[in-house]
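**Q** I'd like to ask some things about the structure below.
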Amino acid sequence: MAYAGDPTGTNLTSGEATEVNNSSPIDQKYKLGERIRNLRGDADAVGTISSTTLTLNPDNGASGTVVVPGNLTVNGATTTVSTTNTVIEDRLIEIGTGASTGADSGIVIERGSTGDNAALIWDESRDEFVFATTTATGASTGDLSFTAANLSVAKIGAGTEQAETKVHSKMDTAASPSYSTLAGIIVEDDSRPALQFVGSASNIALIQFGDNASASSGQIYYDHGTDKLRVDAGGNADRITVDANGKLVVATGIEVEGKNASTVAVTASKSAGSAIGSAIDGSSFTARKGQVTVDFSGSGALASGVGFTQTFSSFSEVDADSVIVVCTGNAAISAGIVAVGDNTFTIVFNNNSGGSFNTDFTLNYIIL
């Protein structure tokens, strides 16, 4: 009888073999164990056998290797001893093989005393992956408790296999899209790309423009409490406001770029509804925007509560919703559109001062 793999080539003598064969199974284990230990002359150099444990220890644990050329069947529980770094040749790893029902699964990274463990978890209850910190370990089972963790990546694509910028959300592929190289966020859809801000009825939703001086040098926000769309600029609030009725308010009036103001002279007191001067030709101004000064030099004046009208002509594409009129220079004068005709619009000016009015004022208009 020879010991398989005997590094010294030592064989059992016939007497030793007879002694082993005639012994009880337990005694056979001890005798074989003793023989293994003595093969190289140093205890535990190859291994030991006790009544419950077989320990193989080639080269006394220094660099030896145990080779099992056939199958290895383990009927009981297994104990795994980890290495410092593990290299796996397999391209796919299956976790939870043979499971009949789903459960929270993943990879847990032990962090010691630094804090809770880090984990990549498949959350079965929500059908989604989560990067998280958790007190769970590799021995945990069931519905795991965790806290979502931070994640840093170069790009994120939602609904797309190829993100074109830092964050790319795609509902549907647009027809021949041209992607910006400056945008940090792209929202894409073939028919109606949309970006939504959702808040409670009393809160505000906003877009802020920050710089080295302020986090909100400018901002656009919707005030749900007052149902107003508001624009701030240069750190100044409410430079432009639009309310639910469509009223547009500009904080300091509209400054219109274009040719210099034309002048309409008031030569006498006007009664309500009367016109001043002749119609002002729109061609005198830069297309679709201009400025008119009403000159009260001389004897012209408007009595309290009195107004007059003025028609502006030679404008194309004019309709009731396309003209914005703002009077500046005196808060006592108000102006509004009273009629829109073919390429013309008529404005009424009213004296709200409570007394006679004879101060110049300026009308700015914009045709949208």
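In numbering that gives the first Met the number 0, the protein residues as written are 0 to 367. Yeah, the Cβ is synthetic: ideal placement off N, Cα and C, and Gly gets one too.
(1) Any contact between the region 138-147 and the region 168-175? By contact I mean 3 or more CB pairs, one from each, below 8 Å.
(2) Which residue wins for smallest C-alpha separation from His223, given the options Asp242, Val186, Gln207?
(3) Who are the Cβ neighbours of Val166 in its own chain at under 6 Å, not counting the five residues just before and after it?
(4) Taking the CB atoms as reference points, tell me whether Ile219 and Ile206 lie closer together than 8 Å.
(5) In the DSSP assignment, find the unbroken beta strand (DSSP E) run with Asn80 in it and report its ends.
(6) If Val65 and Leu55 are in contact, beta carbons under 8 Å, what's the gap, nearest whole angstrom?
(7) In its own chain, which residues sit with a C-beta less than 7 Å from the C-beta of Ala232, not counting the 5 before and 5 after it?
(8) Assuming contact is defined by CB atoms lying nearer than 8 Å, are Ser303 and Gly234 in contact in what I supplied?
(9) Have a look at Val228 and Asp103 and give me their C-alpha separation to the nearest angstrom.
(10) If Ala118 sits next to Ala135, beta carbons under 8 Å apart, how far is it from one beta carbon to the other, in whole angstroms?
(11) Over what stretch of residues does the beta strand (DSSP E) that includes Asn116 continue unbroken?
(12) Which runs of the beta strand (DSSP E) at least 3 residues long sit entirely within the region 102-188? Give them in chain order.
(13) When you compare the CB of Pro192 with every CB in chain C, is at least one pair closer than 8 Å?
(14) Just reading off the beta strand (DSSP E) that Asn235 is part of, what are its end residues?
(15) Please report the Cβ distance between Phe130 and Trp121, rounded to the nearest whole angstrom; I am assuming they are in contact, meaning their Cβ atoms lie under 8 Å.
(16) Measuring CA to CA, which of Asn211, Ala214, Ser215, Tyr221 is closest to Val197?
(17) What residue from Thr113, Arg110, Gly105, Asp115 has the CA that sits closest to Phe126's CA?
(18) Among Thr77, Pro57, Val230, Ser168, which has the Cα closest to the Cα of Val186?
(19) Within 10 Å of its beta-carbon, does Asn244 have 16 or more other beta-carbons around it, so buried, or fewer, so exposed?
(20) Alpha carbon to alpha carbon, how far is Ser179 from Pro68? Give it in angstroms, no decimals.
(21) Distance check for Thr251 and Leu194, CA to CA, integer angstroms please.
(22) Restricting to Cα atoms, I'd like to know which of Thr96, Ser215, Gly95, Thr133 is closest to Thr113.
(23) Can you tell me the Cα-Cα spacing of Ile108 and Gly137, whole angstroms?
(24) Hey, out of Pro176, Glu160, Thr164, Thr100, whose CA is closest to Thr140's CA?
(25) Between Leu181 and Thr83, what straight-line distance do the alpha-carbon atoms span, to the nearest angstrom?
(26) Would you report the Cα separation of Tyr72 and Ile87, rounded to the nearest angstrom?
(27) Whole angstroms is fine: what's the gap from Thr78's alpha carbon to Ile92's?
(28) Using the Cα positions of Ser215 and Ser81, report the straight-line distance between them to the nearest angstrom.
(29) Could you pull the start and end residues of the beta strand (DSSP E) that Phe71 belongs to?
**A** Taking the definition as stated:
(1) With a cut-off of 8 Å, the region 168-175 and the region 138-147 do not count as touching, because too few Cβ pairs lie within range.
(2) Ranked by how close their Cα comes to the Cα of His223, the residues Asp242, Val186, Gln207 have Asp242 in first place.
(3) Counting only Cβ-Cβ distances below 6 Å, and skipping sequence neighbours, we find Ile155, Ile184.
(4) Yes, these two residues count as a Cβ contact at 8 Å.
(5) The sequence shown places Val at residue 80, not Asn. It is not in any beta strand (DSSP E) - Val80 carries neither H nor E in the DSSP assignment.
(6) So it is a contact: roughly 5 Å between Cβ atoms.
(7) Excluding positions up to five away in sequence, the list reads Gly217, Arg238.
(8) Taking 8 Å as the Cβ cut-off, Ser303 and Gly234 do not qualify as a contacting pair.
(9) Residue identity differs from the one stated: residue 228 is Leu in this sequence, not Val. Cα to Cα, the separation comes out at about 45 Å.
(10) Right, their Cβ atoms sit about 7 Å apart.
(11) Counting along the chain, the beta strand (DSSP E) containing Asn116 begins and ends at 116-122.
(12) Counting only runs of 3 or more, we get 104-108, 116-122, 127-133, 155-157, 166-169, 184-187.
(13) Among the chains of the structure shown, chain C does not appear; only one protein chain is present.
(14) Its beta strand (DSSP E) spans residues 235-241.
(15) Not confirmed; about 11 Å, so no contact.
(16) Checked all of Asn211, Ala214, Ser215, Tyr221; the closest Cα to Val197 is Tyr221.
(17) First, the amino acid is wrong: residue 126 is Asp here, not Phe. Selected option, being the one with the closest Cα: Gly105.
(18) The shortest Cα separation from Val186 among Thr77, Pro57, Val230, Ser168 belongs to Ser168.
(19) The residue is exposed, with fewer than 16 neighbouring Cβ atoms inside 10 Å.
(20) Pro68 and Ser179 have their alpha carbons spaced roughly 60 Å apart.
(21) CA-CA distance, Leu194 to Thr251, rounds to 31 Å.
(22) Across the set Thr96, Ser215, Gly95, Thr133, the C-alpha of Thr133 shows the shortest separation from the C-alpha of Thr113.
(23) Going by C-alpha positions, Ile108 is about 8 Å away from Gly137.
(24) Here the closest residue by C-alpha is Thr100.
(25) The alpha-carbon atoms of Leu181 and Thr83 are separated by roughly 44 Å.
(26) Before going further, note that residue 72 is Thr rather than Tyr in the sequence given. Straight across, the Cα-Cα distance linking Thr72 with Ile87 is about 22 Å.
(27) A direct Cα-to-Cα measurement between Thr78 and Ile92 gives close to 20 Å.
(28) Near 53 Å, if we compare the C-alpha coordinates of Ser81 and Ser215.
(29) In the sequence on display, residue 71 carries Leu and not Phe. Counting along the chain, Leu71 sits inside no beta strand (DSSP E), nor does DSSP assign it H or E at all.
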